[in-house]
Amino acid sequence: MTDSLAKRILVAVLGWAVALLLFFPIFWMVLTSFKSETDAITARLFFQPTLASYGEVFARADYLAFAFNSIAISLGGTVLALALAIPAAYSMAFHPTPRTRGTLLWMLSTKMLPPVGVLVPIYLLFRTTGLLDTRSGLIGIYALMNLPIVVWMLFTFYKEVPHEILEAGRMDGATTWGEVYHLLMPLTLPGVASTGLLSLILCWNEAFWSLNLTSSHAAPLTAFIASFSSPEGLFFAKLSAASTMAVAPILIFGWFSQKQLVQGLTFGAVK
Amino acid sequence: MSATSIEAGTAPGDAAPAASAPARSFLVMPSVLVLLVWMIVPLVMTLWFSFRNYNLLDPTTQGFAGINNYAYLVTDPDFWASLRNTLVLLASVLVITVGLGTLLAVLFNQPFPGRNVARVLAISPFFVMPTVAALVWKNLMMHPIYGVLGVVARAFGMQPVDWFSQFPLASVIGIVSWEWLPFALLILLTAVQSLDNEQREAARMDGAGMIAQFFFITLPHLSRAISVVIMIETIFLLSVFAEIFVTTSGGPGNATTNLAFLIYARALLQFDVGGASAGGVVAILLANIVAFFLVRTVARRLET
Amino acid sequence: MATLSLRNVRKAYGPVEVIKGIDLDIDDREFVVFVGPSGCGKSTLLRMIAGLEQITGGDLNIDGKRVNEVGPADRGLAMVFQSYALYPHMTVSENMGFALRLAKVPKAERDTKVKEAARILQLGPYLDRKPKDLSGGQRQRVAIGRAIVRAPKVFLFDEPLSNLDAALRGQTRIEIARLHEELATTMIYVTHDQVEAMTMADKIVVLQAGRVEQVGSPLELYHNPANIFVAGFIGSPRMNVIDATVVSAGGGGVEVRLPSGAQIVVEVAAGAMQPGMPVRLGIRPEAMRIDPSGPIAGEVRLVERLGGLTLLHLGAEGRDDLIVQVEGTSAVEAHQAVRVSADGAACHLFDADGLALPRLARHQLVA
Ligand SMILES: Nc1ncnc2c1ncn2[C@@H]1O[C@H](COP(=O)(O)OP(=O)(O)O)[C@@H](O)[C@H]1O
Ligand SMILES: [Mg+2]
């Protein structure tokens, strides 16, 4: 590259400015969470840090119960979606029929169905079947909600595995199971991981079904945080502390896994 | 046809004697079945309710309502406003995220010190749940008195803006764009990185400047990725809920009521299941219209 | 020990038949090459033998047993794929030992066999590398090694050299021939490159559009091609083909007239040839010579000097792509007018259907 120094400086300044700007609300939220309520309503950058807000949030709501629900529901929904999607994507990628393409597009179009469109019947069904405010109910919903996207992502990964490698495996004596276990799983593990990560993030952050189908027992962190949005939400420090607690696990998880996630987030759009 | 194409095609070895191909192609059935149930059952119920009088608060009025629910819906100014708001929100966020996302993807493709850290910071909003995003923006950022934006405005001697009463829909659009920009950036960045350097060098040999390279080389190369971003974002943007629920509750008036929030308000605030279901049917219709055009054009693009 | 026989083997994809009834016998330890233009069905035929592609009709027998319904791993074959199809997540030795691992061969025995194959292919230093850290030629050898380790009855190769550069291709060709001698097993080798076919094969099977055009030894195909397709496909540079008319037919051969009026006696059995019948005269470039008193006059369009050989591209007899191969370095220049003659004993004659008339003089190396 023969770029001038001026251009390189411009790129660096612009890049960092954009990054900091996008990140600023999160930074500010974390910062505010360590302020006292009186400091919180000032834009002060330097202050006496305190953990008082965290203490109050803990005292007011059972954070750990909400967090546990978030983890259980996100993991459960993701595992269930993967369990359904892996065989489906495998069969569509390696044993396509003339209907395969249509099936995939149809699956995606079900995802276009807005949840509100079916909120009422699902709510009533859940009420009748006793699934309201249960973790298993939400796990089922989340798995179904993400299934089309999960199938699609896995499908794009499986399509990238050269057929000849599986054929070589078959020549070498691999059974269907051996093919899946020895070849397909190791080859597509990065893809499955990145799909799972996306599903986890989507489940963790989902706020429509969790707000409408849970009340106390199965409520995840999205409900926890919604309870701070009432007028007393004006207590900025407490609000920030609660928000930080709701976001921190998935944010830190996301940072550490972002390389993995990015690899998979192409949906077949690249190459 | 590329290996990653959505087009299935016929695979060689699909009829290998050792593997019973039909059995394997049935592995798709569990997913199809659950999705079918997941789609059909509520759909039929929604359709059914939409033709009934059904209010959770008033069990006495029951029975067939004919098209009353629909008639009420289309004569309700809130409904048309919500339809308009839904589409405006969708279109604005798509334009903002795809436009800025493309520019940022090109920016983050240039090497600069600490680029990896900057990239992680820039994509962080994607991990933030919509409820928190909305709360943080509403209170910490956009609050007219205590919010950072207000403080900054005053520091420059300007009158702080009361965002949610003066520009309610634009404010919601801003928040939602902040959430989805990182997603667009991520996908578009991967696509930009996959751009063949030789192609760009060839363009430079042909005398293309920075701008020409962007329009004639980079942008066409990104078209597939842009299609994907549009498709996925549309899926989520048609049913934006938490951001509105937390910030404006659809107001002031119906300024930020989208279809999702309207139905929610009907069903769970006014307990009018019939009316809400009629709205649901419209939402489903709208989604299908969008899906029809989108899935078709995007899918076609993904094939080549 | 492995013999193969194909009886009226067919393959159809839906309504489209791509293999249209093939009969073929392959002897034990034979090196058989399927050759033909791209898309003629070579890979499909090989994959049917491998068991990767279902056989639509006919019988495939290995050692006299029908194996149409036997799975690929149970036919006792090994295949080397064009793309190598190495397992990217396994090391070289894991790649080579994979089949044995699936067959639950004890580790010690597995290692011995992998080491032995690595020795034969000089892969010893690379056993712990992943395929992505190997050069193209090394990957190619791993793919062959993976086949060797299984000690198959038959080796199948699908264009194994097409991803290598020219120098490596020549070298690997020799290695595979050496391997065939060392392992003494049946090998079936698919290529579209007639040089590979000529240099490696005991028996060449020329395919076109899903049919066998001719089966024979390389020299037999070269000297006695059954039809004009085989004649054009085997031999490099290509045989020159000139439209001609029969002047007279007799015991000494057939005399034909070329478009320019020149006449040549071709030493082939006259059969049903009658004066006036249209025929096509085939002359290999090496059977033509610069000859000031030769019957064919033409203009040199292009001269290719290969050092040991010179190829003259000639415009003559209504064609502008006749090739004359001259030993050594010729002094002839482009745009020069020349006369050439052809050796009637080495010429071929094809009837209106493209079928060759039997030549009178058999080559001494061809039975
Ligand atoms: N899975 C398939 N479906 C339909 N046609 C196919 C399939 N595989 C190969 N063919 C067709 O069969 C013919 C032979 O292909 P192939 O055996 O690969 O040719 P070759 O290896 O000689 O180049 C080609 O015309 C090809 O288009
Ligand atoms: Mg082939």
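Protein chains in written order, with the working numbering: chain B, 728 to 998; chain U, 14 to 317; chain S, 45 to 411.
C-beta: ideal position from N, C-alpha, C; glycine also.
In this text the structure is predicted, and so the values were computed from the model without any measurement.
Contact test: residue i Cβ vs ligand 1 heavy atom, cutoff 8 Å
i                     : result
residue 24 (chain S)  : Limits of chain S in this structure are 45 at one end and 411 at the other, which puts residue 24 (chain S) out of reach.
residue 62 (chain S)  : yes
residue 86 (chain S)  : yes
residue 893 (chain B) : no
residue 822 (chain B) : no
residue 236 (chain S) : yes
residue 233 (chain S) : no
residue 82 (chain S)  : yes
residue 95 (chain S)  : no
residue 50 (chain S)  : no
residue 20 (chain S)  : Outside the shown range of chain S (45 to 411) lies residue 20 (chain S), about which nothing can therefore be said.
residue 89 (chain S)  : yes
residue 101 (chain S) : no
residue 254 (chain S) : yes
Ligand 2 heavy atom lying under 8 Å from the CB of residue i
i                     : result
residue 118 (chain S) : no
residue 203 (chain S) : yes
residue 126 (chain S) : yes
residue 79 (chain S)  : no
residue 249 (chain S) : no
residue 111 (chain U) : no
Candidates the options, of which the one nearest residue i by Cα
i                     : options                    : result
residue 405 (chain S) : S:389, S:47, S:322, S:354  : S:389
residue 751 (chain B) : U:211, U:137, U:219        : U:137
residue 342 (chain S) : S:303, S:178, S:317        : S:303
residue 114 (chain U) : B:787, B:845, B:745        : B:745
residue 855 (chain B) : B:757, B:874, B:749, B:940 : B:940
residue 216 (chain S) : S:288, S:314, S:166, S:117 : S:166
residue 267 (chain S) : S:292, S:403, S:155, S:231 : S:403
residue 198 (chain S) : S:73, S:103, S:276         : S:73
residue 901 (chain B) : S:299, S:147, S:109, S:50  : S:147
residue 44 (chain U)  : B:990, B:874, B:983, B:778 : B:874
residue 106 (chain U) : U:195, U:291, U:52         : U:195
residue 252 (chain U) : U:103, U:64, U:60, U:288   : U:103
residue 221 (chain S) : S:134, S:209, S:204        : S:204
residue 244 (chain S) : S:61, S:52, S:75, S:64     : S:75
residue 178 (chain S) : S:164, S:213, S:128        : S:128
residue 286 (chain S) : S:292, S:183, S:276        : S:276
residue 266 (chain U) : U:168, U:94, U:273         : U:94
residue 396 (chain S) : S:370, S:372, S:324        : S:324
residue 145 (chain U) : B:738, B:966, B:871        : B:966
residue 345 (chain S) : S:322, S:337, S:143, S:377 : S:377
residue 239 (chain S) : S:80, S:51, S:84, S:67     : S:80
residue 311 (chain S) : S:400, S:96, S:274, S:340  : S:400
residue 87 (chain U)  : U:309, U:294, U:42         : U:294
residue 94 (chain S)  : S:278, S:359, S:234        : S:234
Task: chain B contacts from the segment 44-56 of chain U (Cβ-Cβ distance under 8 Å) - done: 44, 45, 47, 48, 51, 52, 54, 55, 56
Task: Cβ-based contacts, 8 Å cut-off: residues of the segment 339-355 of chain S near chain B - done: none
Open item on the list: Any C-beta of chain B within less than 8 Å: which residues of the segment 137-167 of chain S qualify?
Closed with: Listed in sequence order: 142, 143, 146, 147.
Task: the segment 123-141 of chain U in contact with the segment 216-226 of chain U per 3-pair CB rule at 8 Å - done: no
Task: Against chain U: residues of the segment 817-841 of chain B by CB proximity under 7 Å - done: Answer in chain order: 817, 818, 819, 821, 822, 823, 824, 827, 828, 830, 831, 832, 834, 835, 836, 837, 838, 839, 840, 841.
Task: Members of the segment 170-183 of chain S near chain B, C-beta cut-off 8 Å - done: none
TODO: Taking a Cβ distance cut-off of 7 Å, strictly less, list which residues of the segment 862-876 of chain B are near chain S, in chain order.
DONE: none
Task: Residues, ordered as in the chain, of the segment 972-991 of chain B that lie near chain U by beta-carbon distance below 7 Å - done: 973, 974, 977, 978, 981, 982, 985, 989
- [ ] For the segment 117-128 of chain U, enumerate the residues whose C-beta is nearer than 9 Å to any C-beta of chain B, in chain order.
- [x] 117, 120, 121, 123, 124, 125, 126, 127, 128
Open item on the list: Taking 8 Å as the cut-off, does the segment 371-390 of chain S touch the segment 245-257 of chain S (at least 3 CB pairs, one atom from each stretch)?
Closed with: no
Task: Meets three-Cβ-pair contact criterion under 8 Å: the segment 979-990 of chain B and the segment 907-927 of chain B - done: yes
Open item on the list: Any C-beta of chain B within less than 9 Å: which residues of the segment 129-147 of chain U qualify?
Closed with: If you check each beta-carbon in the segment 129-147 of chain U against every beta-carbon of chain B, the ones closer than 9 Å belong to 130, 131, 132, 133, 134, 135, 136, 137, 138, 139, 140, 141, 142, 143, 144, 145, 146, 147.
TODO: Would you be able to state if there are at least three C-beta pairs under 8 Å between the segment 98-115 of chain S and the segment 869-884 of chain B?
DONE: no
TODO: May I ask you to list, following chain order, the residues of the segment 892-915 of chain B that have a beta carbon less than 7 Å from some beta carbon of chain S?
DONE: Correct list: 892, 894, 895, 897, 898, 899, 900, 901, 905, 910, 913, 914.
Task: Segment contact, 8 Å Cβ cut-off, at least three pairs: the segment 764-775 of chain B with the segment 889-904 of chain B - done: no
Open item on the list: Closer than 8 Å is the cut-off here; do at least three beta carbon pairs connect the segment 269-285 of chain U with the segment 243-261 of chain U?
Closed with: Judged by Cβ distances under 8 Å, the segment 269-285 of chain U makes contact with the segment 243-261 of chain U, as three or more pairs qualify.
TODO: Check whether the segment 734-741 of chain B touches the segment 110-127 of chain U, counting contact only when three or more Cβ pairs, one atom from each stretch, lie closer than 8 Å.
DONE: With a cut-off of 8 Å, the segment 110-127 of chain U and the segment 734-741 of chain B count as touching, because enough Cβ pairs lie within range.
Open item on the list: Measuring CB atoms only, is the segment 850-869 of chain B touching the segment 948-956 of chain B, in the sense that at least three cross pairs come out at less than 8 Å?
Closed with: Touching, no.
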